[in-house]
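In case it helps, the working numbering puts the sequence shown at residues 4 to 272. Have a look at the structure below before the remarks.
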Amino acid sequence: MFRNHTDQDRDGQEAAQARPSLSLEVLIHSDGRVTVDGAPFPLPDGEAVNVAVLDTMQHRARAAGEPIEAVIVDRQAGYATRIEVTADGSSRIVRHERYREPSEEESSAKPPVPVPVELSALVTQIGQAIDTGALERAAALAFRLREHAARTFGAEHPYTLEAQALEAFAAHKSGNHTAATAACLELARIRQEQGDPRAHEDLLRAVAVWQLIDDLPSAVDHGRALLTTWSRLAEDGRTAVGDVELVRGVDRRIHALATEAAAVGSAVA
């Protein structure tokens with residue numbers, strides 16, 4: 004998760020003294036559920052967890068007129084992140100580290116991973132662009148963020164995958180549902196290969212955005228890619244009971260779209 008600044012190099016006592024009085028505890032469960040201070044936190048359709056949480060923090064900080072802190076524990080990815088948002092809506096990552104359950108061996112814990120300032124700055128710009136309605140700029144910045152992360156850390160590094168999730172969201176917000184679907188599918192593929200349970204969440208998000216694609220050939224192609232990705236997840240046992248009906252719906256839409264595309268082609272000929 005990327006935000007405005009990272010204070011990894013600050014002295015621990017200094018950071019502790021500066022901590023805001025308002026705080027949130029965010030837990031991303033192993034099954035994908037999200038809770039905030041113990042209460043269910045429903046995600047807007049197609050919105051990434053980190054974006055939704057940041058929006059909530061910004062609203063609360065502005066309403067209270069003072070900074071707010073959130074500790075986000077992601078049991079799926081195995082990371083814990085502490086974020087602070089000021090009353091003007093700006094944000095910074097204070098700490099980002101490996102998370103372990105108390106039962107895990109001490110050796111499994113890794114030292115904090117600093118988030119590069121240039122990545123955090125880009126994410127802030129993307130959020131501001133989305134907030135102000137500059138959606139094409141947001142999409143362009145998100146593409147730039149992912150490209151930079153991939154060059155710097157590698158195509159499958161956690162930073163790059165978070166950047167790709169943000170790129171998918173920005174594409175969705177700007178109306179480029181084809182690009183958003185492709186990005187979600189690529190995320191699902193990579194995470195499936197990594198054994199990451201969030202692959203299923205990425206697939207469901209891809210299905211939701213795919214339904215908005217209005218280009219017939221593209222919708223058919225991406226629909227087939229959806230089914231292929233679901234089959235791979237099913238082989239790994241990472242699907243849900245309700246997915247069966249969802250897959251049937253995707254299959255029905257593919258056939259309907261293919262029929263419509265064929266009819267359009269015949270009419271043109």
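We treat Cβ as the ideally placed atom computed from N, Cα and C, and that holds for glycine.
Rounded to whole angstroms, what's the CA-CA distance from A228 to A158? Just pull it up for me.
For the purposes of this step, residue 228 is taken as residue 225 along the sequence shown, with counting starting at 1. For the purposes of this step, residue 158 is taken as residue 155 along the sequence shown, with counting starting at 1. Going from the Cα of A228 to the Cα of A158 covers about 20 Å.
Between the beta-carbon of R85 and the beta-carbon of V76, is there less than 7 Å?
By 1-based counting over the sequence shown, the position of residue 85 is 82. By 1-based counting over the sequence shown, the position of residue 76 is 73. No, these two residues do not count as a Cβ contact at 7 Å.
Where does H175 land, buried or exposed, given buried means 16+ other C-beta within 10 angstroms?
Along the sequence shown, one-based indexing puts residue 175 at 172. Result: buried.
Can you tell me whether DSSP reads L206 as helix, strand or coil?
In the sequence shown, counting from the first residue as 1, residue 206 sits at position 203. Looking at L206 - three-state DSSP - the assignment turns out to be helix.
Between the beta-carbon of E165 and the beta-carbon of A145, is there less than 7 Å?
Translated into the one-based positions of the sequence shown, residue 165 becomes position 162. Translated into the one-based positions of the sequence shown, residue 145 becomes position 142. No.
Which value, in whole angstroms, describes the spacing of the CA atoms of R251 and D239?
Residue 251 sits at position 248 when you count from the first residue of the sequence shown. Residue 239 sits at position 236 when you count from the first residue of the sequence shown. If you take the alpha carbons of R251 and D239, they lie about 20 Å apart.
Please classify T232 as buried or exposed, where buried requires at least 16 other C-beta atoms within 10 Å of its C-beta.
Within the sequence shown, the letter at position 229 stands for residue 232. By the neighbour-count rule (16 or more Cβ atoms within 10 Å), T232 is buried.
State the Cα-Cα distance for the pair A265 and L206, rounded to the nearest angstrom.
Counting from one through the sequence shown, the residue named residue 265 turns up at place 262. Counting from one through the sequence shown, the residue named residue 206 turns up at place 203. In a straight line, the C-alpha of A265 is about 27 Å away from that of L206.
In the DSSP assignment, the beta strand (DSSP E) including T38 goes from what residue to what residue?
Sequence index remark: in the sequence shown, residue 38 carries index 35 (1-based). 37 to 39 is the extent of the beta strand (DSSP E) around T38.
With DSSP collapsed to three states, give me the class of T84.
Within the sequence shown, residue 84 is the residue found at index 81, counting from 1. Three-state DSSP puts T84 in a strand.
Check the DSSP bridge columns for E139 and list the partner residues they point to.
In the sequence shown, counting from the first residue as 1, residue 139 sits at position 136. Bridge partners of E139: none, in fact.
Which partner residues does D77 have in the DSSP bridge list?
Here the question's residue 77 lines up with position 74 in the sequence shown. The partner list for D77 (beta bridge, DSSP) reads I31, Y82.
Suppose the cutoff is 8 Å on Cβ atoms and the five residues either side in sequence are ignored; what does the same chain contact list for L230 look like?
As a first step, residue 230 must be located in the sequence shown, where it is residue number 227. So the list reads V250, V253, D254, I257, once near-sequence residues are dropped.
According to DSSP, I257 sits in a beta bridge with which residue or residues?
Numbered from its first residue, the sequence shown carries residue 257 at position 254. Checking the DSSP bridge columns, you'll see I257 has no partner listed.
Count the other C-beta atoms from every protein chain shown that fall within 10 angstroms of the C-beta of V29, then say buried if there are 16 or more, exposed otherwise.
Residue 29 sits at position 26 when you count from the first residue of the sequence shown. Buried, by the Cβ-count rule.
Between the C-alpha atoms of E204 and G35, what's the straight-line distance to the nearest angstrom?
If you number the sequence shown from 1, residue 204 lands on position 201. If you number the sequence shown from 1, residue 35 lands on position 32. Cα to Cα, E204 sits roughly 7 Å from G35.
S26: which of E263, A64, C187, Y82 sits nearest, CA to CA?
Start at 1 with the first residue of the sequence shown, and residue 26 comes out as number 23. Ranking E263, A64, C187, Y82 by Cα distance to S26 puts A64 first.
Looking at the structure shown, is S94 part of a helix, part of a strand, or coil, going by DSSP?
Within the sequence shown, numbered from 1, the residue matching residue 94 stands at position 91. If DSSP states are grouped into helix, strand and coil, S94 belongs with the strands.
At the 7 Å Cβ level, is V253 part of the contact set with chain B, yes or no?
The displayed structure is made up of one protein chain only, and chain B is not part of it.
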